[in-house]
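These protein sequence lines are chains H and P, in that order. For the first sequence, counting from 1, position 156 maps to 570 in this note's numbering; every step adds exactly one. For the second sequence, counting from 1, position 59 maps to 73 in this note's numbering; every step adds exactly one. For reference, the structure discussed in these notes is given below.
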Amino acid sequence: MPRTSRRTPEERAALRAALAVGLATAAYGVSFGALATLSGLDIWQTCFLSLVMFTGGSQFALIGVLASGGLTAGPSAITSAALLGTRNVFYSIRMSPVIGKGFLKRAAAAQLTIDESVAVATAQRTPAAQRVGFWATGIAIYLGWNLTTLIGALIGDLLGDVSAYGLDAAAAAAFLGLLWPRLKARQTQAVAVGAAFVATLLTPVLTPGLPVLVAAVVAVVVGAFDLLGTKKRAESGDDS
Amino acid sequence: MSAWNIVILASVICVALKVAGYLIPPRAFEHPTVARIANLLTVALLAALIAVQTLGAGQSIQVDARVPAVLVAAGLYALRVPFVVVVIAAAAVAALIRALT
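Okay, structure coming up:
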């Protein structure tokens, strides 16, 4: 990591962005911690998820399916988490040249590869600023997210009954918050509506957890044929 | 499956996915269709989870206090209210409706 003294203006801007995003993201670890313990996991299992899995979408998906389906929905919960985690493969590919060589460095980078660290990194102009943005965001969120998860888990453990406090609605609102920034294009809006519709229709028919997985087929169909997509869709990011 | 089995297995898979991107040659996943499906997959799963979390009650559909709570959340996100505030507001709306009915 670069020394504190000789930072370019680009690197300082990356650092500021990293801290802002890091603080905002870490704060909602409290909701994850609370919801996880209320879904039936104990405090250790909740903290294990934030320490090891460390990818918000998958963590919320896992506890969401467990909350509605119980331990018998385990396979569906695991599959939901894994499918949501597939986007990290693309993030890793994107960050691989930015991170550079070295086994330990790349292993640490892999663990810190999440929506926010990659978003802050790719928003920077110079390669040095991209590296600062990635590491600063990743480390800030890792520390903050795990601390707030523990706090949330302790709170959730004290609260007791989920529905009385409206925390089941909070889980839905949390998913909505993860989805919201992705709804800009018409194609993604259509997929969201289609998937929600399919999952709702199948809920009375299939065992809990499965409707969510079947709804993923909507994404595969729309994506494979590029339905409702603009043909000349520009690739995000301008640093080629 | 015990809770620990589920937690550990899911975590290992998610870490493996992150590591995979640093191991495989970039060209394998450059195809625009693959990238598009991966992006839409995230959207579809989140939308489906919202639907089930809002309307599902085990293996049935139930419209209750969660629906207005999620609508309030959507309105607040549209107004660019921060995540944590929205989540707390949604919980408060649902809890309030349940307390009053």
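Idealized CB from N, CA, C, for every residue including glycine.
Point to revise | Limits of the unbroken alpha helix (DSSP H) element including residue 597 of chain H | key: No alpha helix (DSSP H) holds residue 597 of chain H; DSSP gives it neither H nor E.
Point to revise | Secondary structure of residue 453 of chain H, DSSP reduced to three states | key: coil
Review point. Within the 9 Å Cβ cut-off, does residue 538 of chain H reach chain P?
Key: no
Check your understanding: If you draw a straight line from the alpha carbon of residue 593 of chain H to that of residue 427 of chain H, how long is it in whole angstroms?
Key -> 27 Å
Check your understanding: Which residues share a DSSP beta bridge with residue 71 of chain P?
Key -> P:74
Exercise for review: Flag this pair as yes or no: are the beta carbons of residue 628 of chain H and residue 616 of chain H separated by less than 9 Å?
Suggested key: yes
**Study point:** Same chain only: Cβ atoms within 7 Å of residue 82 of chain P, ignoring 5 sequence neighbours per side
**Key:** 107 and 111
Practice item. State the start and end residues of the unbroken alpha helix (DSSP H) segment that holds residue 624 of chain H. Key: 624 to 639
Point to revise | the stretch 567 to 595 of chain H: positions lying closer than 8 Å to chain P by Cβ | key: 577, 578, 579, 580, 581, 582, 583, 584, 585, 586, 587, 588, 589, 590, 591, 592, 593 and 594
Review point. Counting pairs of Cβ atoms below 8 Å between the stretch 532 to 546 of chain H and the stretch 458 to 475 of chain H, do you hit three or more?
Key: no
Review point. Does the beta carbon of residue 554 of chain H sit closer than 9 Å to a beta carbon anywhere in chain P?
Key: no
Point to revise | Against chain P: residues of the stretch 490 to 511 of chain H by CB proximity under 7 Å | key: 491, 492, 494, 495, 496, 497, 498, 499, 500, 501, 502, 503, 504, 505, 506, 507 and 510
Review point. Does any C-beta atom of chain H lie closer than 9 Å to the C-beta of residue 114 of chain P?
Key: no
**Study point:** Identity of the residue in H:463, H:508 and H:421 nearest residue 559 of chain H by Cα
**Key:** H:463
Check your understanding: By Cβ distance, which residues of its chain are closer than 7 Å to residue 563 of chain H, with the 5 residues on each side in sequence left out?
Key -> 443, 446, 447, 460, 461 and 464
Practice item. Would you check if the distance between the CB atom of residue 495 of chain H and the CB atom of residue 453 of chain H is smaller than 9 Å? Key: no
Practice item. Report yes or no: is there a C-beta of chain P within less than 9 Å of the C-beta of residue 520 of chain H? Key: yes
Practice item. Kindly indicate the opening and closing residues of the alpha helix (DSSP H) around residue 501 of chain H. Key: 501 to 513
Review point. Hey, quick one: how far does the alpha helix (DSSP H) through residue 537 of chain H stretch, first residue to last?
Key: Here residue 537 of chain H belongs to no alpha helix (DSSP H), and DSSP marks it neither H nor E.
Point to revise | Rounded separation between residue 492 of chain H and residue 20 of chain P - CA only | key: 7 Å
Point to revise | Residue burial classification, residue 76 of chain P (beta-carbon count within 10 angstroms, cutoff 16) | key: exposed
Practice item. Could you check if residue 654 of chain H is buried or exposed, using at least 16 other CB atoms within 10 Å of its CB as the buried criterion? Key: Bear in mind that a pLDDT of 31 at residue 654 of chain H, under 50, signals an unreliable position, so the model cannot answer this.
Exercise for review: Could you check the C-alpha separation between residue 546 of chain H and residue 421 of chain H for me, to the nearest Å?
Suggested key: 10 Å
Exercise for review: Spell out a yes or no on whether the stretch 87 to 99 of chain P and the stretch 499 to 518 of chain H are touching, meaning 3 or more CB-CB pairs, one atom from each, closer than 8 Å.
Suggested key: no
Review point. Straight-line CA distance for residue 25 of chain P to residue 104 of chain P?
Key: 28 Å
Exercise for review: Go through its chain and collect everything with a Cβ distance to residue 541 of chain H's Cβ below 8 Å, but skip five positions before and after it.
Suggested key: 512
Review point. Got a sec, what are the start and stop residues for the alpha helix (DSSP H) residue 621 of chain H sits in?
Key: Careful: residue 621 of chain H lies outside any alpha helix (DSSP H) and carries neither H nor E.
Point to revise | Reduced DSSP category for residue 81 of chain P - H, G, I as helix; E, B as strand; rest coil | key: helix
Check your understanding: residue 33 of chain P versus chain H: which residues are under 8 Å apart at the beta carbon?
Key -> 506, 521 and 524
Review point. Apart from the five residues on each side of it in sequence, which residues of its chain come closer than 8 Å, Cβ to Cβ, to residue 440 of chain H?
Key: 554, 555, 557, 558, 559, 561 and 562
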